[in-house]
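Participant: Pasting a structure below so you can have a look.
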């Protein structure tokens with residue numbers, strides 16, 4: 732029996748009062764971000780040019796997907812960092828709450844990665860004329876997606892030993908996180924270094940309105956990701972507590 | 373964690389234990405003795421790799437000009453899949469026969485246990501490559517025997533066995549173990565796959581060192597990071 736399995740609560744995460752604040756920030760942030768991204772930010776000339784080259788129609792509106800695509804990818808990175816942190820703390824402290832943090836973050840991270848992949852493909856249709864073109868950054872995101880899908884599968888294939896499953900998952904959570912920079916290096920940095928003109932074309936400096944919209948969107952999605960992860964953690968902790976109560980009740984009932 | 377390292381040995385007995393390097397050496401000797409007597413891993417792995425090469429011939433029709441383009445990929449796919457087969461069997465047979473529990477109660481450093489398993493699989497795959505290269509060169513009429521390959525092959529193979537040994541043990545203890553190992557391993561090994569294939573292709577094409585060097589860098593970094601990390605984490609995977 733591992734330590735901590737029967738005592739799910741720790742002082743830090745049992746109250747989760749900050750969830751209310753995240754709710755409030757999301758309620759304000761999402762409409763603001765949508766207004767900025769869809770109405771306020773100017774239409775992109777570079778995108779219009781790219782679309783013109785691919786389709787013959789000058790239309791920069793597809794670039795606006797960038798204000799959700801990039802923040803979703805960022806939200807996924809934040810989630811995967813929390814998987815790493817939760818995994819590390821679980822192996823160190825052996826408190827189930829850290830395993831719950833890791834597993835909740837992995838689920839949310841996979842959802843945001845999936846959304847980033849979908850929005851990336853949608854953006855690709857007018858830009859490359861195809862939904863998938865093995866673009867370096869999208870490929871990188873796809874590999875991350877596969878790693879954390881494997882993480883979730885490892886958890887479900889664990890069998891009847893929850894403590895061992897938690898340990899195995901934590902190992903993958905740590906190894907996977909250390910792998911991310913290497914994947915980025917092999918899939919994005921070195922190949923882009925070999926074709927420098929692509930970098931200068933797509934990474935032109937953003938006009939201030941676009942940059943502002945992007946920053947608001949990134950913050951909003953980060954808050955949203957933390958909110959969903961927090962809710963998930965709260966749910967799991969409640970479930971854990973319910974199980975403990977049921978065990979205690981059964982014990983009381985069976986006692987004479 | 374550190375207390376659980378060496379089973380139930382007293383402090384005195386622990387002090388008289390052989391050094392870490394010597395433990396690795398003894399365990400490696402054990403792996404070699406088993407393999408030399410049974411050929412239980414080497415034979416199936418070599419035959420599997422040759423069957424894979426022949427299948428690639430039918431799948432890609434490799435007689436024409438395309439061989440140099442796809443050859444590095446074929447070589448590394450064969451090594452990766454043979455490697456996973458070897459890792460799966462090497463750790464799987466230990467847990468199936470209960471010999472693994474014996475090793476865990478033995479007064480050994482878990483890190484030594486990991487390194488010996490990783491090195492044994494590395495040596496096994498090196499023997500496999502010694503067969504695979506000439507056969508591949510013969511089948512596909514390719515210049516596989518360029519000097520640079522003797523750098524890429526060990527680096528890439530070490531990458532496969534470094535994380536591979538860690539996850540093979542985990543997969544051996546889950547349901548659907550045969551499916552679990554590639555699902556866990558292949559995405560993590562993407563940097564090794566990319567870098568090994570690119571470097572192999574670069575050496576075959578006779579590119580300059582400067583063009584191949586970034587890929588060698590990826591492989592060296594991967595090997596160093598994951599050999600260290602896996603040695604540290606193996607303790608966690610083996611505790612029961």
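Residue numbers (the numbering used here), protein chains in the order written: chain G, 732 to 987; chain R, 373 to 612.
Every residue, glycine too, gets a C-beta built ideally from N, C-alpha and C.
None of the values given here were measured: they were computed from a predicted structure.
If you reduce the DSSP assignment to three classes, tell me which class residue 791 of chain G lands in.
Facilitator: Note: residue 791 of chain G maps to coil in three-state DSSP.
Participant: Any idea if residue 775 of chain G is buried or exposed, counting beta-carbon neighbours within 10 angstroms, 16 or more meaning buried?
Facilitator: Flag for residue 775 of chain G reads buried.
Participant: Where does the unbroken alpha helix (DSSP H) through residue 516 of chain R begin, and where does it stop?
Facilitator: Looking at the DSSP string, residue 516 of chain R is not in any alpha helix (DSSP H), and its letter there is neither H nor E.
Participant: If you measure beta-carbon to beta-carbon, which residues of the stretch 891-902 of chain G are closer than 9 Å to chain R?
Facilitator: Cβ contacts with chain R come from 892, 895, 896, 898, 899, 901 and 902.
Participant: Would you decide whether residue 402 of chain R is buried or exposed? Buried here means 16 or more other CB atoms lie within 10 Å of its CB.
Facilitator: Exposed, since its Cβ has fewer than 16 Cβ neighbours within 10 Å.
Participant: With a cut-off of 9 Å, does the C-beta of residue 587 of chain R fall near any C-beta of chain G?
Facilitator: So yes, residue 587 of chain R belongs to the interface.
Participant: Please name the residue in R/485, R/541 and R/532 whose C-alpha comes closest to that of residue 395 of chain R.
Facilitator: If we check each option's Cα against that of residue 395 of chain R, R/485 comes out closest.
Participant: Within 9 Å of any Cβ in chain R, is that where the Cβ of residue 985 of chain G sits?
Facilitator: Chain R contact via Cβ: absent.
Participant: Assuming residue 608 of chain R contacts residue 898 of chain G under a Cβ cut-off of 8 Å, what Cβ separation, rounded to an integer in Å, is found between them?
Facilitator: So it is a contact: roughly 5 Å between Cβ atoms.
Participant: According to DSSP, simplified to helix, strand and coil, what is residue 546 of chain R?
Facilitator: Three-state DSSP puts residue 546 of chain R in coil, outside helix and strand.
Participant: What in chain R is Cβ-close to residue 909 of chain G, meaning under 8 Å?
Facilitator: The contacting residues are 597, 598 and 601.
Participant: May I ask you to report which of helix, strand or coil DSSP gives residue 833 of chain G?
Facilitator: Helix, per DSSP.
Participant: Please identify, using Cβ separations under 9 Å, the residues of the stretch 532-558 of chain R that lie next to chain G, in order along the chain.
Facilitator: Flagged, chain order: 535, 538, 539, 542, 543, 545, 546, 547, 548, 549, 551, 552, 555, 556, 557 and 558.
Participant: Could you work out which residues of chain G lie near residue 608 of chain R, taking near to mean beta carbons separated by less than 8 Å?
Facilitator: By Cβ distance, chain G contributes 822, 898, 901 and 902.
Participant: Can you tell me whether DSSP reads residue 967 of chain G as helix, strand or coil?
Facilitator: Three-state result, residue 967 of chain G: helix.
Participant: Cα separation between residue 517 of chain R and residue 498 of chain R?
Facilitator: Near 14 Å, if we compare the C-alpha coordinates of residue 498 of chain R and residue 517 of chain R.
Participant: Just checking: is the beta-carbon of residue 563 of chain R within a distance shorter than 9 Å of some beta-carbon in chain G?
Facilitator: For residue 563 of chain R, the answer is yes, since a Cβ of chain G falls inside 9 Å of its Cβ.
Participant: Taking the alpha-carbon of residue 820 of chain G as reference, which of G/810, G/809 and G/832 has the nearest alpha-carbon?
Facilitator: Out of G/810, G/809 and G/832, G/832 has the C-alpha closest to the C-alpha of residue 820 of chain G.
Participant: At what residue ranges does the stretch 808-874 of chain G contain a whole run of the alpha helix (DSSP H), taking only runs of 4 or more?
Facilitator: Here the runs fully enclosed are 827-859.
Participant: Any beta-carbon of chain R closer than 9 Å to the one on residue 889 of chain G?
Facilitator: So yes, residue 889 of chain G belongs to the interface.
Participant: Can you have a look at residue 569 of chain R and say buried or exposed, based on whether 16 or more other CB atoms are within 10 angstroms of its CB?
Facilitator: Buried: at least 16 other Cβ atoms inside 10 Å.
Participant: Do residue 848 of chain G and residue 873 of chain G have their C-beta atoms within less than 9 Å of each other?
Facilitator: Against a cut-off of 9 Å, the Cβ pair of residue 873 of chain G and residue 848 of chain G comes out as a contact.
Participant: From residue 885 of chain G to residue 892 of chain G, what does the alpha carbon distance come to, in whole angstroms?
Facilitator: In a straight line, the C-alpha of residue 885 of chain G is about 12 Å away from that of residue 892 of chain G.
Participant: When you compare the CB positions of residue 908 of chain G and residue 814 of chain G, do they come within less than 9 Å of one another, or not?
Facilitator: Contact flag set, yes.
Participant: Would you mind stating whether residue 947 of chain G and residue 763 of chain G have Cβ atoms separated by less than 9 Å?
Facilitator: In contact: residue 947 of chain G and residue 763 of chain G (Cβ atoms closer than 9 Å).
Participant: With respect to the alpha helix (DSSP H) encompassing residue 910 of chain G, which residues constitute its N-terminal and C-terminal limits?
Facilitator: Its alpha helix (DSSP H) spans residues 893-915.
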